[in-house]
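Chemist: Counting from 1 along the sequence shown, just add 40 to a position and that's the residue number in the numbering used here.
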Amino acid sequence: MNSVPLVSIVIPAFNPRFFRAALQSALDQVYDNLEVIVCDDCRTDEIKAIFDELVAPDSDRARYLRNPQRLGFQGNLLKCLEQASGEYIKFLCDDDRLYNYCVAYQAQTLDTYKDVQLVVSKRHLVDVDDYVLPARMENVGLVPYDAVFKGEDMLAIFERTPRNYLGGFSGALMRRADVQEYLPSIALPGQGFVALLDFTLFVCLLRRGNLVVLHSIQSTERLHPGRFSSQGDMHQKATTEWGWLNEMLQARSGEDAPAQGWVRFLPLRRAQEEPREWDEVGLYGVMAGRQGIMMSRVGSSSDSYAELYTEWLSCRRFSEPQKKLLEQRIVSWAWQPRIVPVIIDADGDAEALDITLRSLAEQDYAADSVVVLTNASVDDPQVLRFSLQPDWARQLNEVLPLLDSADWVYLLRSGDRLTQPALLILAERIAQTPGLLCVYSDEGALVEDESREPIFKPGFNLDLLRAYPYVGRTLAFERRNLLDMGGFDPAFDELAPHDVIWRLVEGAGPQSIEHIAEVQVESRLAFADWLSLPGVIKHSEPLVAAHLSRIGREHVIHHDQLPLLNRIEYVHPSLPLVSIIITARDQLGALERCIDSLLSNTTYPNYEVLIVDNASESAEARAWFTAMSELGSDKLRIFSLSEAGSEATAQNHAAGQARGDYLLMLSAYALIHQADWL
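1. With DSSP as the reference, please indicate the residues paired to Y153 in a beta bridge.
2. For P377, count neighbouring Cβ atoms within 10 angstroms of its own Cβ and tell me buried if that reaches 16, exposed if not.
3. If we call anything under 9 Å between Cβ atoms a contact, is A297 one with E468?
4. Determine the direct distance from the alpha carbon of L236 to that of R200, and round the result to whole angstroms.
5. Can you tell me whether G322 is helix, strand or coil according to DSSP?
6. Indicate the three-state DSSP secondary structure (helix, strand or coil) for P377 in the structure shown.
7. What is the DSSP secondary structure of T643, reduced to helix, strand or coil?
8. Tell me, which residues are paired with H693 by DSSP?
9. Which residues mark the beginning and the end of the alpha helix (DSSP H) in which Y141 is found?
10. Here's the rule I'm using: 16 or more other beta-carbon atoms within 10 Å means buried, otherwise exposed. How should A536 be labelled?
11. With a 10 Å radius around its C-beta and 16 neighbouring C-beta atoms as the bar for buried, classify P675 as buried or exposed.
12. Which residue's Cα is closest to the Cα of R357: V559, Y644, R110 and G332?
13. Scan the region 309-370 and note each continuous alpha helix (DSSP H) run of 4 residues or more that stays entirely inside, going in chain order.
14. Report the rounded CA-to-CA distance for I370 versus D456, giving the unit in angstroms.
15. Rounded to the nearest angstrom, what separates M41 and Y324 at their Cα positions?
16. Look at H255 and P315 and say whether their C-beta atoms are less than 9 Å apart.
17. Around the C-beta of E534, are 16 or more other C-beta atoms found within 10 angstroms, so that it is buried, or is it exposed?
18. Step through the CB atoms of chain C and report whether any lies within less than 9 Å of the CB of V418.
19. CA-CA distance, I395 and L285?
20. Could you pull out every residue in the same chain whose Cβ sits closer than 8 Å to the Cβ of I541, ignoring the five residues on either side in sequence?
21. Can you tell me whether DSSP reads Q472 as helix, strand or coil?
22. Can you find the residues in the same chain that come closer than 6 Å, C-beta to C-beta, to L138, ignoring five residues on each side of it along the sequence?
23. Check for me: the alpha helix (DSSP H) holding Y222 runs from which residue to which?
24. Could you give the C-beta distance for D721 and Y104, rounded to a whole number, given that I count them as a contact under 8 Å?
25. Am I right that F532 and L583 are in contact with their C-beta atoms under 8 Å? What's the rounded C-beta distance?
26. Secondary structure at D167, three-state DSSP: helix, strand or coil?
27. Should the region 112-128 be regarded as contacting the region 44-56, the criterion being three or more beta carbon pairs within less than 8 Å?
28. In the DSSP assignment, find the unbroken beta strand (DSSP E) run with P52 in it and report its ends.
29. Note down, in chain order, each residue of its chain lying with its Cβ closer than 7 Å to the Cβ of A710, except the 5 sequence neighbours on either side.
30. Note down the Cα distance separating F242 from V156, rounded to an integer number of angstroms.
31. Where do the ends of the alpha helix (DSSP H) carrying W542 lie?
32. Could you check what DSSP says for V439 in three-state terms: helix, strand or coil?
33. Just verifying my parser: in three-state terms, what is the DSSP assignment at S481?
34. Drop a sphere of 10 angstroms on the beta-carbon of S619, count the other beta-carbons inside from all chains shown, and report buried for 16 or more, exposed for fewer.
35. Would you call V412 buried or exposed, if buried means 16 or more other Cβ atoms sit within 10 Å of its Cβ?
36. Counting along the chain, where does the alpha helix (DSSP H) carrying S399 start and finish?
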């Protein structure tokens, strides 16, 4: 016999598009005493097909009912309620999703606190593609921990601020008996609440008892054009229903809140104390302050990731008042670099080329000139056109000496669209950072000419570039230095510019390579598509091998997963001694696990371990360090500091005693799993 109450998850289904995820999330609940009921109001058999696929015919956890005729949203909710037999009930909308512990946490709360009529959890808002959208007033939460709120006080807040801070049906768990009392009267088909039905039911419940808001995120609510609340005249109905709801709130009776805009509440961990001594919070003021913050954030009203990203990009452009100050800003630079974009039009695509040329014409900082390598005609008199040759890298070597006025060249492809301030940002970085010879940036994709798929790259990283050409292909080079180096090596084809980067690293150092952490370019040839080009994959290994050979590093390159990705095994003529330094202060349990895993799982033979006791205070730790030091091992040595110092001080002390060619600083909380890690 189950010792926990039966919970009914009822799904009033009518749209099959996201139903699979909703049903699966209900079936995946860890709560044992559960029934899942699907009432199908869809015109097709798609809901039934998904149910049959996910639920075994003999399942006693889920059952399916098909409505003989369409009942509509209100009627289907009432049908679900009629079929439910649980003590607690959750209405799960067919486009939402629950996390696995949602019902378990909420049911335990209702079972523990008998004065609570409604339990809600925080939720993520996601779009059609499951991208989590920025928080907004509807899902920001009330306080930053689990808490119980006085129901009557919350009603006063809702009267003053007609806004639903609690969420929808999917995020709530209620007592079925209370829902049976209220729902039929407020959900009369054709005349009751529709747009605000969930919130109206919550208001009814809070007239009878209290509210618990769990701070953990336990569900997702999906925003998409086909959702019920976005259909037809729902916005007009919502306006009307807010009027009805306000009349209900004004007509309520009961104990007044401690003050206007204030509510009584308690952290849930204190809610079982007797007698209860309520805390008070000026919730109206708190939420008003949050609203100001939310309204200033990008994407706080976006219904999709595409909307969010578009809004974010728009914030990266200069406003008209800011543009009026640009000339003054540019004059303040030490010098004004002359930048020449070089566009390679490999496909002869006039439309794609026009996208790139138009974006260059709209720049906040004008290009010195524009070069196009193409076999198509170009009508723009400002463009210097060359017929594209099969070997564009070799052709660039012929073109570069002709660009006498250019300080820098910027390699682009037809179909690349520069953001409006791209050349300005590039020029300022060049002017204000002495010694730069190459610049790369973040980038995005153009899908049907809309901004998509941003790629945010790290600053220059030697090892990552050896693994794959993460810097991308939209690269800017200092022209004179490029000529002095002999230009591009055509042998590396698509990766000829990356060969230049490696030669810059070897000659001028990695500090000559700069990353601009802004989306400067968006392209029809997305970053992932470029990495998948045969020319990139073919030359990825030879390019890195040539670099390592030039600097005298013996190596073997492996490809564990993808042919593009290089895993480099460095071959040493000898086995250098490595000094592994670990500092600790009373973290004996963690330290013992670390040392045990290190000694057990390290196959590299030539290392020593230096442990620094940074003035441990516990007798157990001091005894352990003393015992280990008395072992007299050359492999593991102990050093003790009489006074506690910083971690850097402890590491410096050990480094002064180390015998190794290399130092490795290891956290006492680290665990070694891979035998060849060292």
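Glycine is no exception: its CB is placed at the ideal position from the N, C-alpha and C atoms.
It should be emphasised that the depicted structure is a prediction, and the values quoted were computed from it without experimental measurement.
Modeler: On the basis of the coordinates in this document:
1. None; Y153 has no bridge partner.
2. With 16 or more other Cβ atoms within 10 Å, it is buried.
3. No, the Cβ-Cβ distance between A297 and E468 is not below 9 Å.
4. 17 Å
5. coil
6. coil
7. coil
8. Partner(s): none; H693 has no beta bridge.
9. No alpha helix (DSSP H) holds Y141; DSSP gives it neither H nor E.
10. buried
11. First, the amino acid is wrong: residue 675 is Lys here, not Pro. Answer is exposed; the Cβ neighbour count stays below 16.
12. V559
13. 323-335, 345-354 and 360-363
14. Roughly 25 Å between the two C-alpha positions.
15. For M41, the pLDDT reaches just 46, beneath the cut-off of 50, and the residue's location in the model is therefore unreliable, leaving the point undetermined.
16. No; because the gap between Cβ atoms is not below 9 Å, this pair is not in contact.
17. buried
18. Judged by its chain identifiers, the structure shown contains no chain C, having just a single protein chain.
19. 52 Å
20. C478, L505, V511, L515 and I553
21. helix
22. S65 and S259
23. R216 to I226
24. Within the shown structure, residues of the chain are numbered from 41 to 718, placing residue 721 beyond reach of any answer.
25. 6 Å
26. coil
27. yes
28. V47 to A53
29. C634
30. Roughly 12 Å between the two C-alpha positions.
31. In the DSSP assignment, W542 falls within the unbroken alpha helix (DSSP H) covering A536 to G547.
32. helix
33. strand
34. buried
35. buried
36. S399 -> alpha helix (DSSP H) spans A390 to A401.
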